[in-house]
Amino acid sequence: MVYNFPSDEWIKAFMKTLNGDQGKAYQKAAEKWEGDFIFVVEPDETYDETTYFYVDLWHGKCREARMITDINKLPNAEFQYRGTFSNWIKLMEGKIDPIRGILMRKFKLVGNKAKIMRATKAAKELVALTQKIETNFCNK
Amino acid sequence: MWFFSAPKKIIFGEEALEGLNEIEGKKALIVSDKNIQQLGIIKPVISILNQKSIKYVVFTDIDPEPSIPSAEQGAEIALKENVDIIIALGGGSVIDVAKAIWIFYENPKMNIDEVFPEDPLTLRKKANLITIPTTSGTGSDANWAIVIADPETRQKLSVAHRNIIPDLDIVDPLFSKKLPPHLIASTGFDALTHAIEAASVEWKNDFSTAFSHRVIEIVFKYLPRSVKNSSDKEAKEKMHIAATMAGIAFGNSQIGGAHALGHALGASFSLPHSEIIAVVLPHMMRFCIKDKTTEKIYEDIVYHAKIASNEKTVNGIILIEKIEELMKELNLKTKLSDFGITKKQLEEHMDKIISFTLSDTGALVNPCELDEEIIATLCKNML
Numbered sequence: 001m002v003y004n005f006p007s008d009e010w011i012k013a014f015m016k017t018l019n020g021d022q023g024k025a026y027q028k029a030a031e032k033w034e035g036d037f038i039f040v041v042e043p044d045e046t047y048d049e050t051t052y053f054y055v056d057l058w059h060g061k062c063r064e065a066r067m068i069t070d071i072n073k074l075p076n077a078e079f080q081y082r083g084t085f086s087n088w089i090k091l092m093e094g095k096i097d098p099i100r101g102i103l104m105r106k107f108k109l110v111g112n113k114a115k116i117m118r119a120t121k122a123a124k125e126l127v128a129l130t131q132k133i134e135t136n137f138c139n140k
Numbered sequence: 001m002w003f004f005s006a007p008k009k010i011i012f013g014e015e016a017l018e019g020l021n022e023i024e025g026k027k028a029l030i031v032s033d034k035n036i037q038q039l040g041i042i043k044p045v046i047s048i049l050n051q052k053s054i055k056y057v058v059f060t061d062i063d064p065e066p067s068i069p070s071a072e073q074g075a076e077i078a079l080k081e082n083v084d085i086i087i088a089l090g091g092g093s094v095i096d097v098a099k100a101i102w103i104f105y106e107n108p109k110m111n112i113d114e115v116f117p118e119d120p121l122t123l124r125k126k127a128n129l130i131t132i133p134t135t136s137g138t139g140s141d142a143n144w145a146i147v148i149a150d151p152e153t154r155q156k157l158s159v160a161h162r163n164i165i166p167d168l169d170i171v172d173p174l175f176s177k178k179l180p181p182h183l184i185a186s187t188g189f190d191a192l193t194h195a196i197e198a199a200s201v202e203w204k205n206d207f208s209t210a211f212s213h214r215v216i217e218i219v220f221k222y223l224p225r226s227v228k229n230s231s232d233k234e235a236k237e238k239m240h241i242a243a244t245m246a247g248i249a250f251g252n253s254q255i256g257g258a259h260a261l262g263h264a265l266g267a268s269f270s271l272p273h274s275e276i277i278a279v280v281l282p283h284m285m286r287f288c289i290k291d292k293t294t295e296k297i298y299e300d301i302v303y304h305a306k307i308a309s310n311e312k313t314v315n316g317i318i319l320i321e322k323i324e325e326l327m328k329e330l331n332l333k334t335k336l337s338d339f340g341i342t343k344k345q346l347e348e349h350m351d352k353i354i355s356f357t358l359s360d361t362g363a364l365v366n367p368c369e370l371d372e373e374i375i376a377t378l379c380k381n382m383l
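Note that the protein sequences, when read in sequence, are chains A and B.
Everything in the first sequence is counted per this note's numbering, starting at 1 for the first residue and increasing by one.
Everything in the second sequence is counted per this note's numbering, starting at 1 for the first residue and increasing by one.
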């Protein structure tokens, strides 16, 4: 099944993939890691809106994943990882890795960076999971 | 898009120390270690400071592995003495601690975990950093990284920020003349590993590859001479320069799996960094050469670094074989058992080794994906 990105259906499919057999590499890499994220898809020349995903990661599993439409209801997450729509596509297509993306100033990470830098394998596996979801990018 | 960063100025070659006459300031903190102080290597630096009427204070209370408590202690002295120059005179540990002292001195309330590449980091308000490497291997004098031990887990953490690049780097072979042969050999292999990984990891680029090729050529030509003949000035000078060039290479690319696993083994068994890196390098290369792109990169290195005697023999595996030959020629340790590590000890530490390796940034960019099974196999092969 093909899921539109960004959408609530897409992030729910991501959660299902992460918690399933295809997520085993991530589950192993993140078995001692916990933290929740707001992933922010920012507008650019190919996409008009700002979209927010809330993802709660807990010891190799995803406890909750949802798209947030009301900015006033954003949870107070430990981390925020934000980039433009075009850069999210590059990340999900494997053209840039999550850490290099920050160094290239294509993504901004807010939160305890050291905690992320001690879990680079998990971060890489998390991004790799997005490639396992059949995705239709909702650009202009 | 990517970046190229290097020290604002590198003064290199014989008598490069005279470049220290260029500095201006009132009081310097010389960061070094007790061995260097005992060997008298610190004297020429002090002599120049005296000539320039620059006061100084010496800090040598450095742990063998760079640690946060050492850096905090040094920063307290810097604050108390109100220094405006920090001079790092030593190997990788000294330089890494000096960089951390600089951060804590300029940002007294900062935690090392808060240093992150794209976040603001105030430096140079109070002092400038001058590096004078005394070993030919670290490369820390020429890049924006600090490797420092986590006080709780002993895991080696890589901290990086472009502002940390020293203001002046003085690469004078005077300081490497007194090194014992085994240290010249192992630190030279550290430089070789920096160059090979900078040229082959996912973050490789044309700038870092250019530096890497020349470093590898120098190592193969001059490291044996530098180890075997203590009076070979040319070889020592070339190796000293090559180490700094390798630092620029990996500082603008990344280290890879050999360093990730080397850091993990080093932290688990308290092994000297350069010696364990030498053991890991050929094993990691044999694992990575299964990747066709990496095989071609190794082949390019053989060609550009002029390693093969006959053009018909240029191929990637030659590079690994030549590295193994060089290790034997230089009497370097080649196995974990050479450090006294047993199979039982290795198995007892395996979970930690795997965890540390996989969370190291070197593993993130290694040309071939590392996982638990591969790391365990590599470790067993190294016994």
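In this text, a Cβ means the ideal position worked out from N, Cα and C, and glycines have one as well.
* **Interface partners of THR84(A) on chain B, CB under 7 Å** => Result: empty, since nearest Cβ-Cβ is about 14 Å, beyond 7 Å.
* Residues of chain A with a CB under 8 Å from the CB of GLU118(B): which are they? -> Neighbourhood of GLU118(B) in chain A, by CB distance below 8 Å: ILE102, LEU103, ARG105, LYS108, in chain order.
* **Three CB pairs or more closer than 8 Å across the segment 134-147 of chain B and the segment 235-250 of chain B** => Taking 8 Å as the limit for Cβ pairs, the verdict is that the segment 235-250 of chain B does touch the segment 134-147 of chain B.
* So is ASN21(B) buried or exposed if we call it buried at 16+ other beta carbons inside 10 Å? -> Around the C-beta of ASN21(B), fewer than 16 other C-beta atoms lie within 10 Å, and the residue is accordingly described as exposed.
* To do: Could you have a look at ARG82(A) and say whether DSSP puts it in helix, strand or coil?
  => Look at ARG82(A) here: in three-state DSSP terms it is strand.
* Are the segment 45-64 of chain A and the segment 91-103 of chain A in contact at 8 Å, needing three or more beta carbon pairs? -> No: the two stretches stay apart, fewer than three of their Cβ pairs being nearer than 8 Å.
* Cβ shell of LEU126(A) (< 7 Å), same chain only, five flanking positions each side left out -> Around LEU126(A): TYR26.
* In whole angstroms, what separates the C-alpha of CYS288(B) from that of LYS343(B)? -> If I take the Cα positions, the gap works out to 24 Å.
* **Helix, strand or coil at ASN88(A) according to DSSP, with G and I counted as helix** => Rather than Asn, the amino acid found at residue 88(A) in this sequence is Trp. In this structure, TRP88(A) counts as helix in the three-state DSSP scheme.
* Do ASN315(B) and VAL302(B) come within 8 Å of each other at the CB atom, strictly closer than that value? -> Annotated as proximal: VAL302(B) and ASN315(B), with beta-carbon spacing under 8 Å.
* Hey, does ASN87(A) have any beta-carbon neighbour from chain B nearer than 8 Å? -> By this cut-off, ASN87(A) is not an interface position.
* To do: Indicate whether at least one CB of chain B lies closer than 8 Å to the CB of LYS113(A).
  => Yes, contact with chain B.
* Can you give me the Cβ contacts of ALA30(A) inside the same chain, cut-off strictly under 8 Å, excluding the 5 residues immediately before and after it? => Same-chain partners within the cutoff: LEU57, HIS59, GLY60, ALA119, ALA122, GLU125, LEU126.
* **Short CB-CB distance (under 8 Å) between THR244(B) and chain A** => No, no contact with chain A.
* To do: Could you name the residues of chain A that ASP113(B) contacts, counting a contact when the two beta carbons are closer than 9 Å?
  => Within 9 Å Cβ-Cβ: ASN112, LYS113, ALA114, LYS115, MET117.
* What span of residues does the alpha helix (DSSP H) with ARG100(A) cover, start to end? -> Where ARG100(A) is concerned, the enclosing alpha helix (DSSP H) starts and stops at 98-103.
* Where in the segment 262-313 of chain B do unbroken runs of the alpha helix (DSSP H), each at least 4 residues long, occur, reported from the N-terminal end onward? -> Segments of the alpha helix (DSSP H) lying fully in the segment 262-313 of chain B: 273-288, 292-304.
* ALA6(B) and ILE170(B): beta carbons closer than 8 Å? -> No, these two residues do not count as a Cβ contact at 8 Å.
* To do: Rank GLY188(B), GLY257(B), TRP2(B) by C-alpha distance to the C-alpha of ASN366(B) and give the top, closest one.
  => Nearest option by C-alpha distance: GLY257(B).
* Asked: Listed in chain order, which residues of the segment 353-364 of chain B have Cβ atoms closer than 7 Å to some Cβ of chain A?
  -> Only those residues of the segment 353-364 of chain B whose C-beta falls short of 7 Å from the nearest C-beta of chain A are listed: LEU358, SER359, THR361, ALA363, LEU364.
* **chain B residues whose Cβ lies nearer than 9 Å to that of ASP21(A)** => Contacts between ASP21(A) and chain B, judged by CB atoms closer than 9 Å, are missing: the closest CB pair is about 16 Å apart.
* Collapsed DSSP secondary structure at PHE39(A) in the structure displayed -> Note: PHE39(A) maps to strand in three-state DSSP.
* Asked: Taking the continuous beta strand (DSSP E) assigned at GLU64(A), which residues delimit it?
  -> Here the beta strand (DSSP E) through GLU64(A) covers 61-68.
* Tell me the DSSP bridge mates of GLY90(B)? -> According to DSSP, GLY90(B) bridges with PRO133(B).
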